[in-house]
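Trainee: In my numbering, the protein residues as written are 41 to 482.
The beta carbon of each residue, even a glycine, is placed where N, CA and C say it ideally should be.
The structure follows.
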């Protein structure tokens, strides 16, 4: 009989919901955004030269910080239920958003091992999942890590995934066997929808805090972007451990650019949906308008949530599609051509599933795959009326203040980004229970 390996500690749910290390309860410390190697939705290989890391400010002679002291921005993170290793009261908490198929995450993994070796119990490591849309094997790898975590072996599986070139299901099962896991339980958990909510919550949080690329780190709330060298981590960790009293500001996002004022969540926008593609009853009490782009990774991510909405509220939601392409409108026009042959929804799925392969040859191949008349499809693709329709969508999106995709309007109420199901559910339930809906139903 094989000897079982020692289990790594399993995080206690609710033990540390927010990133508030012990050292921050008495004092606020300094922070900055570090830039470097990362993988993002816009570029699968975007590497930038490391920016200079702020050096620890000298202690002022007076009791109060000098007027010249820089105010540091920190981001609060919800860490409830996330795999964590190290003491909950460690003076430094290092959070990583990772993608197991990301080359820069693999590079950063070796650096984090150095961090743990140097600082030991002074650093607590917490892991959040952010499998990017264009990495086909990343979602199942994330599930494999969480499934191993259920059996007390998240950290070991995490290490294997970031040091293995093969992330196909067979390789994941081989890793599980090497860790002496219960293969039946592991396989069931990895191949089911069990961890979908967990992963979607992590991804929604990544969007909220501006961590759309991988790897992305937060050291006591201070953002570190990309696969930085050990010296970049040391500079910030050493400042945190020094405990100097420097001015700190807690912010909602790590993004450095200025933000527009928050919109009124109850504002009702008038959306012109004339001639737009839709599904669901035209007289449904809920109209969900989706402004999307086929080359947008977050738009692809939102598709599972939209499907969940349609299944949760059968007959109560009308789903309307509008477009705001990120680059060329190729995919949008092709989907409209597919609609002329009654193949919109099947073709739409292929476009989202193959975001990085929208060549003319593939567009024709997929048309044939779903049973279209390819010659008619090509003729319709050249129809200027379709290009004009997309352009009209883009103009309307701009007039509605849509700056990114996906953006949704639920009975006219704007919801921005690939939000979790709960965000949609809250608005839909409010609308269904509103006095106007009650009167219409009576």
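Mind checking residue 291: buried by the 16 CB within 10 Å criterion, or exposed?
Mentor: Answer is buried; the Cβ neighbour count reaches 16.
Trainee: Please report the residue range of the alpha helix (DSSP H) in which residue 404 lies.
Mentor: It spans 400-409 - the alpha helix (DSSP H) in which residue 404 sits, taken as one unbroken run.
Trainee: Could you pull the DSSP bridge partners for residue 169 from this structure?
Mentor: Partner(s): 138.
Trainee: Work out the CA separation of residue 413 and residue 400 for me, nearest whole Å.
Mentor: Taking the straight line from one Cα to the other gives about 15 Å.
Trainee: Would the beta-carbon of residue 131 be found less than 7 Å away from any heavy atom of the ligand MG?
Mentor: Although the ligand MG was asked about, the structure shown includes no ligands whatsoever.
Trainee: Can you tell me whether residue 223 is buried or exposed? The criterion is at least 16 other CB atoms within 10 Å of its CB, across all chains shown.
Mentor: Residue 223 should be labelled exposed.
Trainee: Residue 143 to residue 475, Cα distance in whole Å?
Mentor: Distance between the alpha carbons of residue 143 and residue 475: 53 Å.
Trainee: Could you tell me the distance, in whole angstroms, from the CA atom of residue 332 to the CA atom of residue 318?
Mentor: Approximately 13 Å, taken between the alpha carbons.
Trainee: Below 8 Å, can you find three or more Cβ-Cβ pairs linking the stretch 155-172 to the stretch 126-137?
Mentor: Yes, since at least three Cβ pairs between the stretch 155-172 and the stretch 126-137 fall closer than 8 Å, the two stretches touch.
Trainee: In this structure, what does DSSP give as the bridge partners for residue 232?
Mentor: Answer by DSSP bridge pairing: none, since residue 232 is not bridged.
Trainee: Residues in the same chain with beta-carbon distance under 7 Å from residue 216, minus the five sequence neighbours each way, listed in chain order, please.
Mentor: Same-chain partners within the cutoff: 188, 223, 226.
Trainee: So, do the stretch 334-352 and the stretch 171-182 have three or more beta carbon pairs nearer to each other than 8 Å?
Mentor: With a cut-off of 8 Å, the stretch 171-182 and the stretch 334-352 count as touching, because enough Cβ pairs lie within range.
Trainee: Going by the DSSP bridge assignment, what does residue 331 pair with across the sheet?
Mentor: Note: residue 331 sits in a beta bridge opposite 362, 447.
Trainee: Under a Cβ-count criterion, where at least 16 other Cβ atoms within 10 Å of its own Cβ denotes burial, should residue 268 be classed as buried or exposed?
Mentor: Buried: at least 16 other Cβ atoms inside 10 Å.
Trainee: Using the Cα positions of residue 308 and residue 282, report the straight-line distance between them to the nearest angstrom.
Mentor: Distance between the alpha carbons of residue 308 and residue 282: 50 Å.
Trainee: Check whether the stretch 391-411 and the stretch 352-360 touch, using three or more Cβ-Cβ pairs below 8 Å as the test.
Mentor: Too few Cβ pairs lie closer than 8 Å, so no.
Trainee: Between the C-alpha atoms of residue 374 and residue 264, what's the straight-line distance to the nearest angstrom?
Mentor: Near 40 Å, if we compare the C-alpha coordinates of residue 264 and residue 374.
Trainee: My assumption, with CB atoms under 8 Å, is that residue 369 sits in contact with residue 314. Please give the rounded CB distance.
Mentor: Their Cβ separation, rounded to whole angstroms, is 19 Å, which puts residue 369 and residue 314 out of contact at 8 Å.
Trainee: Pick out whichever of 378, 439, 416, 356 has its Cα sitting closest to the Cα of residue 473.
Mentor: It is 356.
Trainee: Sort out for me which residues DSSP pairs residue 265 with in a bridge.
Mentor: DSSP lists 256 as partners of residue 265.
Trainee: Please go through the same chain and pick out, in chain order, the residues whose beta-carbon is closer than 6 Å to the beta-carbon of residue 383, but skip the five residues on each side of it.
Mentor: Answer for residue 383: 410, 412, listed in chain order.
Trainee: Using the C-alpha atoms, what's the distance from residue 278 back to residue 344?
Mentor: Looking at the two C-alpha atoms, the distance is approximately 42 Å.
Trainee: Just to confirm, is the Cβ distance from residue 558 to residue 378 under 8 Å?
Mentor: The structure shown does not extend to residue 558, since the chain is modelled only from 41 to 482, so the question has no answer here.
Trainee: May I ask you to report which of helix, strand or coil DSSP gives residue 434?
Mentor: Helix, per DSSP.
Trainee: According to DSSP, simplified to helix, strand and coil, what is residue 416?
Mentor: Residue 416 falls in the helix class under three-state DSSP.
Trainee: Let's test the definition: count the other Cβ atoms within 10 Å of the Cβ of residue 364 and tell me whether it reaches 16, buried, or not, exposed.
Mentor: Buried is the call here.
Trainee: Does the count of Cβ pairs from the stretch 443-454 and the stretch 228-236 closer than 8 Å reach three?
Mentor: They do not touch, by the three-pair rule.
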